[in-house]
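S.K.: Can you read through this structure? Questions will come right after.
Number of protein chains: 2
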Amino acid sequence: MASLSSAPYKGSRDWYPDNMRVRDYIFATWRRVARRYGYEAYDAPLLEPLEVYAAKSGQELVSEQTYQFVDRGDRHVAIRPEMTPSISRMVAARRQEMAYPARLYSIAQFMRYERPQRGREREFWQLNADIFGAETIAAEAEIITMGYDMMREFGAQDDMYAIKVNHRKIINFMMAHYLGLDAVQAELMIKLFDRKNKIPPEAFRDQAIDIFGDAEAPSGLQKLAALLAAKNMADMPEEIRACSAVREIQELFTLLDQVGIKNAVFDITLMRGLDYYTGTVFEFFDTHPENNRSLFGGGRYDGLVGLFGAEPLGAVGMAPGLTMTQLFLETHKLLPELAPTTDVYMIVLGDALRGGRALARQLRDEGVNVELDFTGRKIDRQIKTAVKKGISYLVFVGEDELRDELYSCKNTITGDEQKLSPERIVTTVMDARRHRRVDIDADTIDLFE
Amino acid sequence: MASLSSAPYKGSRDWYPDNMRVRDYIFATWRRVARRYGYEAYDAPLLEPLEVYAAKSGQELVSEQTYQFVDRGDRHVAIRPEMTPSISRMVAARRQEMAYPARLYSIAQFMRYERPQRGREREFWQLNADIFGAETIAAEAEIITMGYDMMREFGAQDDMYAIKVNHRKIINFMMAHYLGLDAVQAELMIKLFDRKNKIPPEAFRDQAIDIFGDAEAPSGLQKLAALLAAKNMADMPEEIRACSAVREIQELFTLLDQVGIKNAVFDITLMRGLDYYTGTVFEFFDTHPENNRSLFGGGRYDGLVGLFGAEPLGAVGMAPGLTMTQLFLETHKLLPELAPTTDVYMIVLGDALRGGRALARQLRDEGVNVELDFTGRKIDRQIKTAVKKGISYLVFVGEDELRDELYSCKNTITGDEQKLSPERIVTTVMDARRHRRVDIDADTIDLFE
Numbered sequence: 001m002a003s004l005s006s007a008p009y010k011g012s013r014d015w016y017p018d019n020m021r022v023r024d025y026i027f028a029t030w031r032r033v034a035r036r037y038g039y040e041a042y043d044a045p046l047l048e049p050l051e052v053y054a055a056k057s058g059q060e061l062v063s064e065q066t067y068q069f070v071d072r073g074d075r076h077v078a079i080r081p082e083m084t085p086s087i088s089r090m091v092a093a094r095r096q097e098m099a100y101p102a103r104l105y106s107i108a109q110f111m112r113y114e115r116p117q118r119g120r121e122r123e124f125w126q127l128n129a130d131i132f133g134a135e136t137i138a139a140e141a142e143i144i145t146m147g148y149d150m151m152r153e154f155g156a157q158d159d160m161y162a163i164k165v166n167h168r169k170i171i172n173f174m175m176a177h178y179l180g181l182d183a184v185q186a187e188l189m190i191k192l193f194d195r196k197n198k199i200p201p202e203a204f205r206d207q208a209i210d211i212f213g214d215a216e217a218p219s220g221l222q223k224l225a226a227l228l229a230a231k232n233m234a235d236m237p238e239e240i241r242a243c244s245a246v247r248e249i250q251e252l253f254t255l256l257d258q259v260g261i262k263n264a265v266f267d268i269t270l271m272r273g274l275d276y277y278t279g280t281v282f283e284f285f286d287t288h289p290e291n292n293r294s295l296f297g298g299g300r301y302d303g304l305v306g307l308f309g310a311e312p313l314g315a316v317g318m319a320p321g322l323t324m325t326q327l328f329l330e331t332h333k334l335l336p337e338l339a340p341t342t343d344v345y346m347i348v349l350g351d352a353l354r355g356g357r358a359l360a361r362q363l364r365d366e367g368v369n370v371e372l373d374f375t376g377r378k379i380d381r382q383i384k385t386a387v388k389k390g391i392s393y394l395v396f397v398g399e400d401e402l403r404d405e406l407y408s409c410k411n412t413i414t415g416d417e418q419k420l421s422p423e424r425i426v427t428t429v430m431d432a433r434r435h436r437r438v439d440i441d442a443d444t445i446d447l448f449e
Numbered sequence: 450m451a452s453l454s455s456a457p458y459k460g461s462r463d464w465y466p467d468n469m470r471v472r473d474y475i476f477a478t479w480r481r482v483a484r485r486y487g488y489e490a491y492d493a494p495l496l497e498p499l500e501v502y503a504a505k506s507g508q509e510l511v512s513e514q515t516y517q518f519v520d521r522g523d524r525h526v527a528i529r530p531e532m533t534p535s536i537s538r539m540v541a542a543r544r545q546e547m548a549y550p551a552r553l554y555s556i557a558q559f560m561r562y563e564r565p566q567r568g569r570e571r572e573f574w575q576l577n578a579d580i581f582g583a584e585t586i587a588a589e590a591e592i593i594t595m596g597y598d599m600m601r602e603f604g605a606q607d608d609m610y611a612i613k614v615n616h617r618k619i620i621n622f623m624m625a626h627y628l629g630l631d632a633v634q635a636e637l638m639i640k641l642f643d644r645k646n647k648i649p650p651e652a653f654r655d656q657a658i659d660i661f662g663d664a665e666a667p668s669g670l671q672k673l674a675a676l677l678a679a680k681n682m683a684d685m686p687e688e689i690r691a692c693s694a695v696r697e698i699q700e701l702f703t704l705l706d707q708v709g710i711k712n713a714v715f716d717i718t719l720m721r722g723l724d725y726y727t728g729t730v731f732e733f734f735d736t737h738p739e740n741n742r743s744l745f746g747g748g749r750y751d752g753l754v755g756l757f758g759a760e761p762l763g764a765v766g767m768a769p770g771l772t773m774t775q776l777f778l779e780t781h782k783l784l785p786e787l788a789p790t791t792d793v794y795m796i797v798l799g800d801a802l803r804g805g806r807a808l809a810r811q812l813r814d815e816g817v818n819v820e821l822d823f824t825g826r827k828i829d830r831q832i833k834t835a836v837k838k839g840i841s842y843l844v845f846v847g848e849d850e851l852r853d854e855l856y857s858c859k860n861t862i863t864g865d866e867q868k869l870s871p872e873r874i875v876t877t878v879m880d881a882r883r884h885r886r887v888d889i890d891a892d893t894i895d896l897f898e
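Order-wise, the sequence lines are chains A and B.
At position 272 of the first sequence (counting the first as 1) the number is 272 in our numbering, and the numbers step up by one without a gap.
At position 30 of the second sequence (counting the first as 1) the number is 479 in our numbering, and the numbers step up by one without a gap.
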């Protein structure tokens, strides 16, 4: 038989321990901050009926990007491409029993059939943090502040990224009334705005003319230019400023300012692709010249719970992704060194395996992570394995050591070697574990235990 | 438009926070013990080429139970129904670079199209712990001891379950030489052994006669009876005892006995369905009369890495599942009360929202998990929400409290109420968090932070 390929499925990753540590670090940081804000963990099924996405997630996602199939029971299902419809469904199912505002988060995997490229994989991981039953702009302020605190927890400074904010109602007003576009034109213009930073100004202008039509193009382009020239809300054309949603945005900026967030900006070109947004939308945007792109976003989607037959409920959420977060941390050199969770590699000499097993068990019962080499190989080969694995301590167990109850304990990083009792091995190694992690974040230690 | 169903996909669960806490508790316990043994975390893609399972996972699993489909790029794939082929593929891909023995664990989700019933769901979660590059029986002893320590960590006593052990070579010898069956008959007999505890003795006897055929049935039944009457290895028919694999099993029992494991037994009727096992197989089996069933199993599968074009490698693994573990813990009343991770529900009086937001931020920066009620509702409705969520502490913030920097802090369980400074709120709440968790396991506290 020909052998099978050892490559992972296209667009997905094999998570070996080195990469997995980065993932665990990012997940632990998200989880810690989400809990700080009183969010409780949930999860949803991997599969949902396709119609859940057909309703509100947008044409492109459903018809081009879903992993959809018919199951053995003739159900047309999709591997979830996002979490928002699932959690809205779950809230709808317990609409009466839940306490509001409900604060919920999940860290889960998703699949979309897209062309894999830097920062984009077919199988991807996201944090989803959502608040249900919150009608006021305080909800948006909380979600954005939590996103800000996650960035802070990763070590990000304010000037490394911007928080762009817009509002669906302002977008709709601008399209229909200010620019005078019909629904079809508006959709094209939204797509053009989405591409704005990826195409040259002339191409943007040419495509805008196509959308306006020859007759309307001169005045349309002038109005567009006025919009795009405005650096903040005060510079916006008066008609836009008169829009009622502007007050909401201003209140949001006040709330963010009160907790010290200075890098939030109004950006009328921010669109967000998903059809279910009904109010504020926002995006955390990397400002590094080498990674000038959206990191993650979110917004208000008040209509989704109602789709599942339940009384409607205001909702705001955000969804940072693993791949983009990792890229951000790498670009800004914020990713710490992450050591294995194993504290001790136990090297067994001669016939001491039985004693070694007992000592390993004793250390483990005290909380030490011990890998025991039971192969009976030569010592230098055992040491080589430990070093290759990046484990910080070697403990040597032979007949003499077992008799004296004193074991050579060698730090593979400093080279220090001491003869220690089992109790001293525990304290030495556990202290070192804390120091090894302290450069990351004192709190993270616990999550790696 | 008709509203969409709010039910989860058949055979999968919606994990609301109450259930999610049970899942997190089980995962945290597995993870902690796996790390104690020096296992490092990995993960594999959700999708694999179907042929990966077709090779060695057994006919039934591939043709009846896989979620398989053709992707938009014409690849025939399956949602993983198990982890062993994936991790074998990953090890094969880095066969030269990895350090051996390699110890790896993952906690991941899987799907199989089976009829949902008690203890079985279509979407399910498993820990997989595997050791690669370990040729001796010490590997089996380590994996089984780790499984035993997981049970111990959950609070299980030895008499709550048994560890049944068998060996593929003994099974093969018994079928071909002792019972004199050909390959087709042997396969039928293996299936009959698997059903042994689920059918009446007469049905077992009748089906055995069918397999032997009329001519061979009398002597066949006699030999079967001798096998099944044996309570331990010493009682086994001499031909079986002469089998070379018996020495391995005896060595395994010695190794388990040395670390105090007394509930392991030889069971010649233990089969394990997967085709890839090549040596020892084992099963942790619940002995409770209401849940008398297999909890999880594992074994040696030396051939799988070689399937992916790499040099072969000895491998032993096990895979406890979430659903069965939860059933075991519930049946034996071992599941602890699990509180929300949120420590404080902050109740805001009158116009104190701005001050409340600042105080919440201050407490969060000290590690306290604070949910802030920004709704401006009446106090009693805010309190009701906190109680419904099961949060232990209420902190009241009004203009007076902000001026005096002293806040009423009420324990919702004991009813105690005190005026505390922010610093005292932190120490009170963090102490309580540790006590709230101490009944579970001191170590688990950290994982819930």
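Backbone N, C-alpha and C define an ideal beta-carbon position, used for all residues, glycine too.
Given 8 Å as the limit, is there contact between the segment 116–123 of chain A and the segment 136–147 of chain A, that is, 3 or more CB pairs closer than that?
M.R.: no
S.K.: Beta carbon of B:Leu904, beta carbon of B:Val846: below 8 Å?
M.R.: The shown model of chain B, from 450 to 898, leaves out residue 904 of chain B, and the question about it has no answer.
S.K.: For the ligand ATP, is there any heavy atom lying closer than 7 Å to the beta carbon of B:Arg538?
M.R.: With respect to the ligand ATP, the structure shown offers nothing to examine, as it has no ligands at all.
S.K.: For A:Phe448, count the other beta carbons within 10 Å of its own beta carbon; 16 or more makes it buried, fewer makes it exposed. Which is it?
M.R.: Because A:Phe448 sits at a pLDDT of 36, beneath the cut-off of 50, its placement in the model cannot be relied upon, and the point is left open.
S.K.: Which residues in chain A have a C-beta closer than 9 Å to the C-beta of B:Met532? List them in chain order.
M.R.: The premise fails here: B:Met532 is roughly 12 Å from chain A at the closest Cβ pair, so nothing lies under 9 Å.
S.K.: Counting Cβ pairs, one atom from each stretch, are 3 or more of them under 8 Å apart for the segment 26–42 of chain A and the segment 102–109 of chain A?
M.R.: yes
S.K.: Helix, strand or coil for B:Asp492? Go by DSSP, reduced to three states.
M.R.: strand
S.K.: Relative to the C-alpha of B:Met624, which candidate in B:Lys640, B:Ile612, B:Ala611 has its C-alpha closest?
M.R.: B:Lys640
S.K.: Could one say the Cβ of A:Pro8 lies closer than 8 Å to chain B's Cβ atoms, at least one of them?
M.R.: Residue-level contact by beta carbon holds for A:Pro8 and chain B, with a gap shorter than 8 Å.
S.K.: Relative to the alpha-carbon of A:Thr385, which residue among B:Gln545, B:Gly604, B:Ala451 has its alpha-carbon at the smallest distance?
M.R.: B:Gln545
S.K.: Can you tell me whether A:Ser88 is helix, strand or coil according to DSSP?
M.R.: A:Ser88 carries a helical assignment under DSSP once its states are collapsed to helix, strand and coil.
S.K.: So, is the C-beta of B:Val708 closer than 8 Å to a C-beta in chain A?
M.R.: yes
S.K.: Any idea what DSSP makes of A:Leu104, helix, strand or coil?
M.R.: Looking at A:Leu104 - three-state DSSP - the assignment turns out to be strand.
S.K.: Could you tell me the boundaries of the alpha helix (DSSP H) in which B:Asn577 lies?
M.R.: No alpha helix (DSSP H) holds B:Asn577; the beta strand (DSSP E) holding it covers 572–581.
S.K.: Against chain B, does A:Asp351 count as a neighbour if the rule is that its beta carbon must be under 8 Å from one of theirs?
M.R.: no
S.K.: By the criterion of Cβ-Cβ separation under 7 Å, what are the contact partners of B:Asp473 in chain A?
M.R.: Ala41
S.K.: Can you find the residues in the same chain that come closer than 8 Å, C-beta to C-beta, to B:Glu513, ignoring five residues on each side of it along the sequence?
M.R.: Tyr562
S.K.: I'd like to check one pair, B:Asn615 with B:Val730: are the Cβ atoms closer than 8 Å?
M.R.: yes
S.K.: Excluding five sequence neighbours on each side, which residues of the same chain lie with their C-beta closer than 8 Å to the C-beta of A:Asn497?
M.R.: Summary: the structure shown does not reach residue 497 of chain A, with chain A confined to residues 1 through 449, and so no result is reported for it.
S.K.: Taking the C-alpha atoms as reference points, what is the distance between B:Ile660 and A:Ala319?
M.R.: 58 Å
S.K.: Mark A:Ala7 as exposed unless 16 or more other C-beta atoms lie within 10 angstroms of its C-beta, in which case mark it buried.
M.R.: exposed
S.K.: Near B:Leu676, which residues of its chain fall below 6 Å by C-beta distance, leaving aside the five closest residues on each side in sequence?
M.R.: Ile717
S.K.: Could you check the C-alpha separation between A:Lys169 and B:Leu821 for me, to the nearest Å?
M.R.: 28 Å
S.K.: Taking the beta strand (DSSP E) that A:Ser408 falls in, what are its first and last residues?
M.R.: DSSP places A:Ser408 inside the beta strand (DSSP E), whose first and last residues are 407–411.
S.K.: Taking only runs of the beta strand (DSSP E) that begin and end inside the segment 665–750 of chain B, which ones reach a length of at least 3 residues, in chain order?
M.R.: The DSSP assignment places complete beta strand (DSSP E) segments of no fewer than 3 residues inside the segment 665–750 of chain B at 713–715, 729–735, 743–749, in order along the chain.
S.K.: DSSP on B:Pro498, reduced to helix/strand/coil?
M.R.: strand
S.K.: For a quick check, are the C-beta atoms of A:Leu322 and A:Arg23 less than 8 Å apart?
M.R.: yes
S.K.: I'd like the ranges of any alpha helix (DSSP H) spanning at least 4 consecutive residues and lying wholly in the segment 755–819 of chain B.
M.R.: 771–780, 802–814
S.K.: Just to make sure I have the definition right: I need the residues of chain B whose C-beta is within less than 7 Å of the C-beta of A:Asn369. Which are they?
M.R.: Those are Arg484, Arg485, Gly487, listed as they occur along chain B.
S.K.: For A:Arg357, which residues in chain B fall below 9 Å Cβ to Cβ?
M.R.: Ala587, Ala590, Glu591, Thr594, Leu704, Gln707, Val708
S.K.: For the segment 774–791 of chain B, enumerate the residues whose C-beta is nearer than 8 Å to any C-beta of chain A, in chain order.
M.R.: Pro789, Thr790, Thr791
S.K.: B:Asp751 and B:Gly763 - do their beta-carbons sit closer together than 8 Å?
M.R.: yes
S.K.: If we define contact as Cβ-Cβ less than 8 Å, is B:Val526 a contact residue for chain A?
M.R.: The C-beta of B:Val526 comes closer than 8 Å to at least one C-beta of chain A.
S.K.: For A:Thr342 and B:Tyr486, what's the separation of their Cα atoms in angstroms?
M.R.: 8 Å
S.K.: Kindly indicate which three-state DSSP category A:Arg36 falls into: helix, strand or coil?
M.R.: helix
S.K.: Kindly provide the ranges of any alpha helix (DSSP H) runs that are 4 or more residues long and lie completely inside the segment 619–651 of chain B, ordered along the chain.
M.R.: 632–644
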